[in-house]
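Listed in order, the protein sequences are those of chains A and B. Mind the numbering: the first sequence is residues 1 to 312 in the working numbering, read in order. Mind the numbering: the second sequence is residues 1 to 284 in the working numbering, read in order.
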Amino acid sequence: MARLSIGRYVAYDTFIHRLDPRNKILALILLMVAIFFQFSTYEVTFIVDGILALFIFGLMIVSKIRFKDFIKSLSALWFMILLLLIINIFIPGPNKEAYGVAWTMWNYDVYWASIFQSIKITIRLILMISLTLILTQTTKPLDLTFAFEWFLAPLKLFKFPTHVVAMTLSIALRFIPTILDETHRIMNAQTSRGVDFKHGKFVEKMHAIVSLIVPLFVSAFERSDELADAMEARGYNPKGKRTRFRKPKWSFKDSVSLLYVSAITAGVVVVSVLNLAITSDLFFAFSLLVEFAIFIIFVLIGIFYTTFRRKV
Amino acid sequence: MQIKFLDVSYTYSPKTPYEFNALKDVNLDIKEGSFTGIVGKTGCGKSTLIQHLNGLLIPTSGEVNVDTYVLTTNKKRRTKKLKDLRKKVGVVFQFSENQLFEETILKDVMFGPLNFGAKAEDARKISIECLKKVGIPESYFEKSPFELSGGEKRRVAIAGILAMSPDVLVLDEPTAGLDPTGTKEIMNLFKTINEEGKTVIFVTHDMSLVLEYATNVIVMKDKEIVKEATPAELFIENQEEYNLETPQISLLAKALIDKGLKLDLTKVKDISSLVDEIVKGRAK
Ligand SMILES: Nc1ncnc2c1ncn2[C@@H]1O[C@H](COP(=O)(O)OP(=O)(O)OP(=O)(O)O)[C@@H](O)[C@H]1O
Ligand SMILES: [Mg+2]
């Protein structure tokens with residue numbers, strides 16, 4: 001079970017854990033916008049990305065995400081990074097010469113711009129994955145669906161079955177750990193029958209995976225049948241009005257932290273706009289200064305608020 | 001194959017909020033050729049213990065020795081290749097009915113032997129033999145395993161492990177969900193296998209099976225081993241403190257002794273041995 005715990009809720013009680021799930025989803029979207037903003041020069045890009053990275057890693061430390069989990073969640077990325085690098089090097093683009101030639105390979109010029117581009121996308125992917133990791137490790141699946149249903153509420157006007165969709169989603173989320181446990185059990189059983197899931201040639205690996213996937217699917221289908229029967233036996237009506245046992249409450253610290261995140265995004269936007277308008281060094285420094293000032297101010301507010309709250 | 005546990009502790013998901021200590025300082029010695037029952041309340045760590053026998057779990061501290069294999073976190077001492085161990089120690093899991101996946105029952109049973117390098121022809125032969133042993137009729141061999149009932153699936157899963165011809169057979173609640181005749185048949189099969197010289201280790205909640213079949217019994221309580229004895233010794237004493245039920249046969253024998261009959265409790269294992277004892281007692 002320990003091996004398969006990436007992306008699963010981890011029950012610590014940190015500041016991030018206690019935030020309202022709606023707030024966390026909004027903040028996630030805001031920060032994603034900030035991460036994917038474009039700038040005209042790579043210098044600005046890397047400075048802004050660096051600031052965002054510091055902030056996001058700070059969040060990871062605060063929410064007690066283990067470094068091991070973080071590395072594991074990136075493991076699927078290595079291949080993508082390599083692919084990106086190759087594509088960026090061999091695909092011609094506008095303004096590639098701007099930063100000069102890094103080196104020449106068999107008469108082919110590899111431009112710094114291609115390498116910078118790959119690094120930029122890699123950094124942004126890592127930041128994005130970190131954000132989703134923070135969200136899933138600090139928020140209970142049920143709270144996530146609550147937030148999801150809450151955001152979908154306006155669609156009710158158009159007779160969109162928000163409750164059914166949210167119920168489906170929360171059942172799916174609810175069963176992720178169960179299915180992970182099941183995976184673990186079946187892997188154990190097949191390992192006992194001589195299957196090696198880690199080593200082996202391609203064909204052997206394929207066979208190993210079939211011996212895991214087939215029983216997993218069969219039991220998942222059986223489980224969903226049983227669940228449907230059980231729900232029906234207890235009179236579940238998808239159209240009925242439901243109440244909630246646990247309702248997340250939007251508190252003052254949610255407002256503050258959301259404001260804080262908005263300020264960061266706003267800062268990034270301002271920097272980007274200014275940077276795109278005039279690429280003069282003076283302006284550059286100024287816009288970064290503004291960004292930094294906003295950043296500091298909100299860090300101070302955040303610190304003040306948390307300490308103040310603890311005393312009350 | 002000698003099996004030894006030396007101060008074994010095991011913790012699930014260490015250093016996380018889900019950390020759970022499931023075994024504490026277990027010392028154990030299972031003799032070659034024994035028929036050992038493991039009993040104890042739900043959640044006391046029986047399945048955890050069993051998964052150490054073929055290296056699916058490695059003790060967080062302490063050491064497990066199986067034959068020449070060493071399972072420990074100590075990098076210098078531990079055995080690296082565990083595949084051979086898994087061929088020698090066959091484990092049938094608690095929910096073994098959901099490990100089936102091939103198109104036909106026969107193919108599924110052949111899966112184990114083929115993985116351990118048997119030739120297709122040999123694997124086929126031994127699989128047919130094992131399926132017959134567990135009482136699956138020949139007309140079923142080409143059926144899909146998903147068409148079977150729970151109890152039949154369990155039998156096929158057991159055949160799947162038997163076909164690997166392990167030296168040690170480990171069974172986690174092998175009779176759960178079988179009907180009384182099925183239980184008897186399958187336990188008698190294990191007895192035959194044991195009589196061929198192989199070590200059989202089984203987990204059960206059914207004390208009358210322990211009394212009837214086991215030569216040794218290990219009682220677990222709350223992560224620890226609290227008693228190692230022969231079944232007769234265990235059930236003669238008051239085993240209430242371990243939350244175990246006394247088998248009906250032992251209760252009957254004890255009641256008869258209270259009424260003045262002379263019986264040797266260590267010899268009472270099932271109905272026929274009880275009858276023998278009663279006859280002997282009256283002849284005296
Ligand atoms: N993968 C796991 N992760 C964390 N805890 C676990 C895991 N597997 C088992 N446990 C815990 O370890 C304890 C012992 O479990 P185990 O399966 O060994 O019990 P058992 O004696 O076999 O019980 P039963 O008679 O119900 O099969 C239980 O409290 C269980 O909750
Ligand atoms: Mg168990």
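Note that the Cβ used here is the ideal one computed from N, Cα and C, for glycine as well. As the structure is a computational prediction, the values presented were derived from the model and not from experiment.
Residue i beta carbon near ligand 1 (any heavy atom closer than 6 Å)
{"i": "B:GLY45", "result": "yes"}
{"i": "B:TYR12", "result": "yes"}
{"i": "B:ALA22", "result": "yes"}
{"i": "B:THR42", "result": "yes"}
{"i": "A:THR14", "result": "no"}
{"i": "B:THR60", "result": "no"}
{"i": "B:THR183", "result": "no"}
{"i": "B:THR48", "result": "yes"}
Burial state of residue i, where buried means 16 or more other Cβ atoms lie within 10 Å
{"i": "B:THR48", "result": "buried"}
{"i": "A:VAL10", "result": "buried"}
{"i": "A:ARG3", "result": "Note that A:ARG3 scores 43 on pLDDT, short of 50, meaning its location in the model is unreliable; the coordinates nonetheless yield the value given after this. By the 10 Å Cβ count, A:ARG3 comes out exposed."}
{"i": "A:GLN137", "result": "buried"}
{"i": "B:PRO137", "result": "exposed"}
{"i": "A:ASP20", "result": "buried"}
{"i": "B:LEU211", "result": "buried"}
{"i": "B:PRO17", "result": "exposed"}
{"i": "B:GLU152", "result": "buried"}
{"i": "B:TYR117", "result": "A small fix is needed here, since residue 117 of chain B is Gly in this sequence, not Tyr. Exposed."}
{"i": "A:THR306", "result": "Bear in mind that the predicted position of A:THR306 carries a pLDDT of just 48, short of 50, making it too unreliable to give a figure here."}
{"i": "B:LYS269", "result": "buried"}
{"i": "A:ARG18", "result": "exposed"}
{"i": "B:HIS52", "result": "buried"}
{"i": "B:THR266", "result": "exposed"}
{"i": "B:ARG282", "result": "exposed"}
{"i": "A:PRO141", "result": "buried"}
{"i": "B:SER96", "result": "buried"}
{"i": "A:GLY235", "result": "exposed"}
{"i": "A:ILE65", "result": "buried"}
{"i": "A:SER244", "result": "Note on residue identity: the sequence assigns Arg, not Ser, to residue 244 of chain A. Label assigned to A:ARG244: exposed."}
{"i": "B:ASN54", "result": "buried"}
{"i": "B:GLU241", "result": "exposed"}
{"i": "B:ASN194", "result": "buried"}
Closest Cα partner of residue i within the set the options
{"i": "B:ILE218", "options": "B:ALA283, B:GLY45, B:ILE136", "result": "B:GLY45"}
{"i": "B:GLY33", "options": "B:LEU85, B:PRO166, B:MET220, B:LEU178", "result": "B:PRO166"}
{"i": "B:PHE5", "options": "B:ASN21, B:ILE58, B:VAL39", "result": "B:ILE58"}
{"i": "B:MET207", "options": "B:ILE186, B:GLY37, B:PHE141, B:LYS24", "result": "B:GLY37"}
{"i": "A:ILE52", "options": "A:PHE70, A:ILE65, A:MET32, A:SER73", "result": "First, the amino acid is wrong: residue 52 of chain A is Leu here, not Ile. Residue A:MET32 is the option with its Cα nearest to A:LEU52."}
{"i": "B:GLU275", "options": "B:GLY260, B:LYS259, B:ILE249", "result": "Note that residue 275 of chain B corresponds to Val in the displayed sequence, not to Glu. Selected option, being the one with the closest Cα: B:ILE249."}
{"i": "B:LYS198", "options": "B:VAL168, B:GLY55, B:PRO180", "result": "B:VAL168"}
{"i": "A:ALA189", "options": "B:THR104, B:GLN99, B:GLY43", "result": "B:GLN99"}
{"i": "A:ILE134", "options": "A:ILE123, A:VAL48, A:LEU216, A:MET60", "result": "A:MET60"}
Where residue i meets chain A, residues with beta-carbon distance less than 7 Å
{"i": "B:LYS87", "result": "GLY194"}
{"i": "B:PHE146", "result": "VAL218"}
{"i": "B:GLY135", "result": "In chain order: nothing, as chain A lies at least about 21 Å away."}
{"i": "B:ASN324", "result": "With chain B covering 1 to 284 only, the question about residue 324 of chain B has no answer from this structure."}
{"i": "B:GLY160", "result": "ARG193"}
Neighbouring residues, chain A, relative to residue i (Cβ below 9 Å)
{"i": "B:GLN248", "result": "What B:GLN248 touches in chain A: nothing, since even the nearest Cβ is about 33 Å away."}
{"i": "B:GLN239", "result": "Ordered by position in chain A, no residue passes the 9 Å Cβ test against B:GLN239, which lies about 31 Å from the chain."}
Proximal chain B residues relative to residue i, where beta-carbon distance stays under 9 Å
{"i": "A:ARG185", "result": "PHE93, GLN94, PHE95, ASN98, GLN99"}
{"i": "A:VAL203", "result": "Ordered by position in chain B, no residue passes the 9 Å Cβ test against A:VAL203, which lies about 13 Å from the chain."}
{"i": "A:ALA102", "result": "Simply none; closest approach about 42 Å."}
Interface residues of chain B facing residue i [CB-CB closer than 8 Å]
{"i": "A:THR191", "result": "LEU56, ARG86"}
{"i": "A:PRO215", "result": "ASN98, GLN99, LEU100, PHE101"}
{"i": "A:ASN188", "result": "GLN51, LEU56, PHE93"}
{"i": "A:VAL210", "result": "PHE101"}
Any non-hydrogen atom of ligand 2 closer than 6 Å to residue i Cβ
{"i": "B:GLN99", "result": "no"}
{"i": "B:GLN94", "result": "yes"}
Neighbour list for residue i in chain A, Cβ cutoff strictly below 8 Å
{"i": "B:LYS81", "result": "Those within 8 Å of B:LYS81 in chain A number zero; the least Cβ separation is about 10 Å."}
{"i": "B:GLY112", "result": "ARG193, GLY194"}
Distance cut-off 6 Å: residue i Cβ against heavy atoms of ligand 4
{"i": "B:THR175", "result": "Questions concerning ligand 4 fall outside what the structure shown contains, since the ligands it does hold are ligand 1 and ligand 2."}
In chain order, what are the residue ranges of uninterrupted alpha helix (DSSP H) at least 4 long that sit wholly in the region 33-93 of chain B? DSSP runs (the alpha helix (DSSP H)) wholly in the region 33-93 of chain B: 46-50, 83-88.
Could you tell me which uninterrupted alpha helix (DSSP H) segments, each at least 4 residues in length, are contained entirely in the region 192-278 of chain A, listed from first to last along the chain? Here the runs fully enclosed are 202-233, 252-277.
Which residue spans inside the region 123-206 of chain B form an unbroken alpha helix (DSSP H) run of at least 4? If only uninterrupted alpha helix (DSSP H) runs of at least 4 residues are considered, those enclosed by the region 123-206 of chain B are 150-162, 180-195.
Runs of 4 residues minimum, wholly inside the region 66-153 of chain A: which ones carry the alpha helix (DSSP H) assignment? Taken in chain order, the unbroken stretches of alpha helix (DSSP H) that lie wholly in the region 66-153 of chain A and span 4 residues or more are 67-73, 77-90, 112-138, 141-152.
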